[in-house]
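These protein sequence lines map, in sequence, to chains L and H.
Numbers given in the numbering used here equal positions in the first sequence, counted from 1, plus 192.
Numbers given in the numbering used here equal positions in the second sequence, counted from 1, plus 65.
Everything on this sheet refers to the single structure shown next.
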Amino acid sequence: MHISPVLWQFLMKWLTSSALFPREASTIAPQTDALYFFLLLITVIGLVLVGGLVFGFAIRYRQEKSPVAEQIEGSTLLEATWTIIPLALFLICFVWGALLYFRIYNPPTNAMNIYIVGKQWMWKAEHPGGQHEINALHVPMGQPIQLTMISQDVFHSFSIPDFRVKREVIPGRYSTVWFNATTPGTYHIFCTQYCGTKHSGMIGEVTVLTPDDYKKWTENSTSGMSLAQNGERLFASMGCNACHSGSAAARGPNLAGVFGSKLQLTNGSEVLVNDAYLRDAILNPSQHVTAGFAPIMPTYQGQISEEGLIDLVEYIKTLQTNYRVQQTLTTSESNQAAPITPGVVKP
Amino acid sequence: MSATSSTIVNLPDQTTATLPKRNYINAEDGMLSWLLTGDHKRIAILYLISITFFFFIGGAFAGLIRLELLTPQPDLVASDTYNKLFSMHGIVMIFLFLVPSVPATIGNFVLPIMIGAKDLAFPKINLLSWYLYWIGGLFTLAALVLGGVDTGWTFTTPLSTHYLNTHVVTAGLGVFIIGFSSIFTGLNFIVTIHRMRAPGMTWFRLPLFVWSNYAASILMVLGTPVLAITLVLVVLERTIGIGVFDPTKGGDPLLFQHLFWFYSHPAVYIMILPGMGVISEVISTFSRKRVFGYTAVAFSSVAIALFAFFVWAHHMFIMGVSNYSALVFSLLTMLVAVPSAIKVFNWSFTMQKGSVTFETPMLYAFGFLGLFTIGGMTGVFLGSLGMDIHLTETYFIVAHFHFVMVGGMLMAFLAGIHFWWPKMTGRMYPESLSKLAAVTTFIGFNLTFLPQFVLGYLGMPRRYHAYPPEFQVLNVLSTAGATVLGVGYLLPLLYLGWSLKYGAIAGNNPWQATGLEWQIQSPPLTENFIETPVVDYEAYDYEWLANKTQNEVTTVG
Ligand code: HEM
Ligand SMILES: [Cu+2]
């Protein structure tokens with residue numbers, strides 16, 4: 193549907209100020225709203241049509257006016273009409289909705305990744321630079337942001353109404369959603385999947401900053417360690433580097449450059465190494481034995497928190513050559529043991 | 066009763082009229098004769114009393130929920146209590162009211178008579194299903210009295226299995242048992258419709274009410290066992306930790322969602338199809354015309370029933386199903402919307418060239434058409450993938466299903482109760498009061514649930530105990546509406562009770578309708594027909610009715 197931009201702006205201003213309409217704060221929002229208005233339009237037309245027919249016939253053929261009913265069997269032509277027209281309209285909604293869905297759920301490749309961990313009853317955000325936030329999320333405007341999300345306990349659902357995005361946060365698997373915020377300001381984050389006692393308290397705020405402010409924010413809230421650096425320490429302290437040392441004699445495969453590659457497994461299958469695969473390989477190693485290696489890796493189920501797993505995955509992502517693995521070996525010999533991972537993962 | 070020309074009510078002379086001396090109500094005396102009865106009509110009455118009881122319990126919870134939501138702060142009840150309130154409201158309304166409502170009460174009463182049978186195929190199983198309903202109901206009440214459940218009516222894992230210390234097992238068993246009651250009802254209907262039709266009552270002479278209950282019965286028999294299995298798995302997971310839904314044991318939490326919605330999507334059609342049957346009867350009767358496109362309406366019920374099994378994943382569009390499966394389920398969802406749209410137009414055109422009157426059931430049917438259209442169209446919003454992302458899990462969902470289930474089904478149920486009340490009790494309800502109730506319900510309903518669509522688009526999540534202050538105005542409107550709606554529901558309880566004693570004597574066929582049930586006395590005899598009727602006319606044949614002589618009815622004086 194094409195509405196002139198001026199008219200659109202005017203309409204939006206009027207609606208937003210009337211408090212009957214959410215703010216439009218992402219690139220997706222106007223697209224969702226356009227579909228919404230189309231759906232609203234056909235609903236109103238349908239309702240007027242049905243209302244008109246019902247009241248029209250009821251009044252025109254009320255008993256005083258029409259004491260004797262004339263029996264009619266039906267009409268193939270009419271029936272075909274009211275089958276085909278709704279079908280056509282619904283198919284338009286289907287195609288339009290599907291295009292939008294693919295746009296909302298397929299992140300652009302240049303998106304900046306932020307991790308979200310859902311937990312009864314808070315949202316934890318982990319920025320690549322190592323900044324942590326709880327029930328808050330700071331993002332730069334004008335840049336695609338991808339959220340990689342997982343739940344530590346029950347189903348949650350991450351929703352930012354003003355961006356028109358939402359996605360279920362599922363225990364045991366990563367889900368993603370992306371957005372590109374257009375207007376600085378703060379917006380609600382809601383948990384929309386019922387998750388127990390304080391479900392309605394599981395809310396937060398996303399703050400959209402200009403790129404400059406965002407830079408300032410990252411500098412001011414840095415912990416000094418990026419996710420990958422945390423992961424590196426964990427890698428050493430959990431003993432991963434004993435086997436994944438990267439040398440030819442190592443008992444485990446070399447992890448350098450493994451992210452994004454296709455891996456041959458002993459059972460003959462081939463997998464694409466992504467976040468979800470790495471997480472699963474750490475938790476259920478016996479199900480993913482790389483071809484040429486013995487199934488000797490122990491499971492880390494229950495020993496590493498979701499945040500720890502994220503750190504490890506981020507670390508493995510950064511390993512492009514053997515050089516980093518060598519460095520880890522050195523680091524681990526120094527006295528820098530990683531802190532005990534907080535909160536053992538619940539079932 | 067005003068006998069203006071705008072009414073077709075055809076009452077016996079009130080000065081001399083009396084109820085038939087012998088009928089199913091006074092056939093046997095004593096409480097026990099009711100509790101051990103095999104008569105489908107008496108079982109229908111037992112069900113009617115039972116579901117009314119549960120409806121008002123569920124309604125009381127709704128009232129408390131709305132009262133809490135009057136202010137943004139969590140001030141009336143604690144979070145735990147609030148969660149238990151909406152869980153019990155949902156469980157009671159869905160499993161103890163909506164699912165059995167039309168089939169177990171109206172269906173039980175009129176369906177055998179409509180096809181010319183003396184009873185259902187298995188009277189004892191029919192009684193058993195009422196007992197199962199109550200055993201399940203008592204489990205549910207026990208869960209409530211012992212401290213409640215707060216899983217929501219959806220029993221979502223792993224919340225229900227690992228994270229709640231409430232009475233999930235008790236409530237789960239309750240719903241499990243109620244499920245069998247609905248399986249038995251469905252089975253009974255299917256066999257009855259296949260085997261016990263009177264001579265001449267061919268498939269295409271069946272009233273549409275029978276068709277739609279037939280379709281709903283298929284769903285009950287095929288869908289409910291899946292719910293039963295799911296609940297057993299939840300209970301086993303909770304008690305001994307079998308791990309089918311637990312990712313740390315190699316299970317999959319999404320499996321629960323698939324299993325649950327595989328039942329619960331078809332379940333919404335279990336709820337709405339029988340209601341559609343009522344609407345067909347009512348509109349036809351008060352237009353004095355055969356339903357427009359009888360065959361299309363009959364087949365669309367069966368089509369809806371079969372398609373209903375292939376759209377469950379539209380409850381999971383945001384849950385990490387693959388984009389392509391989302392695509393397929395969205396398309397199938399759009400396809401099931403079509404038969405519903407067809408029916409709405411068929412019902413409207415039934416009035417064309419008819420002779421329309423505006424009795425209370427007809428007013429409820431008009432309400433149904435409006436509200437069901439809104440409910441159905443907003444379903445298209447949700448079936449449209451990109452739109453669903455924003456709308457799902459918000460108050461838009463709450464509004465949508467209340468429009469379909471409460472606006473649609475409950476309107477149909479009330480239409481049906483008023484329509485067959487004279488047959489069930491032999492007496493009329495007070496017409497002006499009942500019209501007032503119908504209008505009050507309609508206004509209250511819209512006031513309650515229209516604001517919730519807007520709240521949903523603004524993003525207010527469902528199942529929230531407290532909410533940001535900017536949502537308050539719309540919530541206040543909704544609560545005000547709920548008050549009006551509550552009055553609308555209480556009125557029938559009062560005047561229908563009153564009419565049992567003081568209502569005008571109805572006679573056999575006050576609406577001059579064509580169904581077989583209207584050709585016998587009101588209230589009917591225990592055996593319905595003294596002689597098995599022979600059907601030699603089509604369904605809704607008003608010309609046949611006009612030619613029929615007045616005395617051709619089986620009354621035993
Ligand atoms: C005065 C009438 C009613 C009002 C004001 C009302 C209000 C509500 C509200 C506010 C919720 C949402 C709770 C939440 O998400 O926090 C709800 C949920 C629900 N209502 Fe009603 N309701 C009414 C009548 C009914 C009726 C008559 C039925 C069924 C026949 C029904 C079935 C349900 C169901 C199944 C849920 C879902 C519960 C859940 O979220 O788990 N409601 N109702
Ligand atoms: Cu949550």
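No residue lacks a Cβ here, since even glycine has one placed at the ideal position from N, Cα and C.
The structure presented is a predicted model; accordingly, all values stated were derived computationally and were not measured.
- Among the residues facing chain L, F372 (chain H) is not included, as its CB has no counterpart in that chain under 8 Å away.
- Measuring C-alpha to C-alpha distances from M430 (chain L) to each of L:D354, L:P332, L:G500 identifies L:G500 as the nearest.
- For the C-beta of F357 (chain H), the chain L residues within less than 9 Å are, from N- to C-terminus, I264, E265, G266, S267, L270, E271.
- Leaving aside the five residues that flank D225 (chain L) on each side, the residues in its chain whose CB is nearer than 7 Å to its CB run, in chain order, E216.
- With respect to the C-alpha of V275 (chain H), the residue from H:L559, H:V343, H:H232, H:Q322 having the closest C-alpha is H:V343.
- If one requires a minimum length of 4 residues, the alpha helix (DSSP H) runs lying completely within the region 242-319 of chain H are 273-305, in chain order.
- In the DSSP assignment, C285 (chain L) falls outside any beta strand (DSSP E) and lies within the alpha helix (DSSP H) extending over 268-297.
- For S415 (chain L), the three-state secondary structure derived from DSSP is coil.
- The Cβ of V242 (chain L) sits closer than 8 Å to at least one Cβ of chain H.
- Residues of the same chain with a CB within less than 7 Å of the CB of D467 (chain L), apart from the 5 flanking positions on each side, are T340, Y366, V505 in chain order.
- Nearest neighbour of S497 (chain L) by Cα position, chosen from L:M489, L:N422, L:K509, L:T458, turns out to be L:N422.
- Taking C-beta atoms as the reference points, R107 (chain H) and A186 (chain H) fail to come closer than 8 Å.
- Taking a cut-off of 8 Å on C-beta distances, the region 309-316 of chain H does not touch the region 279-291 of chain H, as fewer than three cross pairs fall below it.
- In the three-state reduction of the DSSP assignment, M304 (chain L) falls in the strand class.
- Contact check for Y560 (chain H) and L498 (chain H): beta-carbon distance about 5 Å, within the 8 Å limit, so the pair qualifies.
- Under the three-state reduction of DSSP, I73 (chain H) is assigned to coil, being neither helix nor strand.
- Contact residues of the region 428-443 of chain H toward chain L are F431, L434, G435, T438, I439, M442, T443 (C-beta to C-beta distance below 8 Å).
- Interface residue (Cβ-Cβ distance to chain H less than 8 Å): A226 (chain L) is not classified as such.
- Using a C-beta cut-off of 8 Å, the region 503-514 of chain H makes no contact with the region 147-154 of chain H, since fewer than three inter-stretch Cβ pairs fall below that distance.
- Contact check for P363 (chain L) and P533 (chain H): beta-carbon distance about 27 Å, past the 8 Å limit, so the pair fails to qualify.
- Per DSSP, V167 (chain H) lies in no alpha helix (DSSP H) segment and is marked neither H nor E.
- Here the region 447-464 of chain H makes contact with the region 286-306 of chain L; the two share three or more CB pairs at distances below 8 Å.
- Within chain H, the C-beta atoms nearer than 9 Å to that of F249 (chain L) come from S352, S413, F414, T415, M416, Q417, K418, G419, V421, in chain order.
- Contact holds between the region 257-275 of chain L and the region 352-359 of chain H, because three or more Cβ pairs, one in each stretch, are under 8 Å apart.
- Interface with chain L (8 Å Cβ-Cβ cutoff): G172 (chain H) is excluded.
- For the C-beta of Y492 (chain L), not a single chain H residue is nearer than 8 Å; the gap to the nearest is close to 12 Å.
- W609 (chain H) and G580 (chain H) have their C-alpha atoms roughly 11 Å apart.
- Per DSSP, reduced to three states, the secondary structure at W99 (chain H) is helical.
- For E496 (chain H), the uninterrupted alpha helix (DSSP H) run begins and ends at 496-523, by DSSP.
- Listed along chain H, the residues sitting closer than 7 Å to F286 (chain L) by beta-carbon distance are S395, L396, M399, S449.
- By a beta-carbon distance limit of 8 Å, V346 (chain L) contacts P223 (chain H). Their separation comes to about 5 Å.
- Rounded to whole angstroms, N253 (chain H) and I237 (chain L) show a C-alpha spacing of 42 Å.
- Look at the region 518-546 of chain H: the residues with a C-beta under 9 Å from a C-beta of chain L are V519, Y522, L523, G524, M525, P526, R527, R528, Y529, H530, A531, Y532, P533, E535, V538, L539.
- The bridge partners DSSP lists for P332 (chain L) are L:L401.
- Residues of the region 454-466 of chain H with a Cβ closer than 8 Å to any Cβ of chain L, in chain order: I454, H455, T457, E458, T459.
- DSSP places M452 (chain H) inside the alpha helix (DSSP H), whose first and last residues are 450-456.
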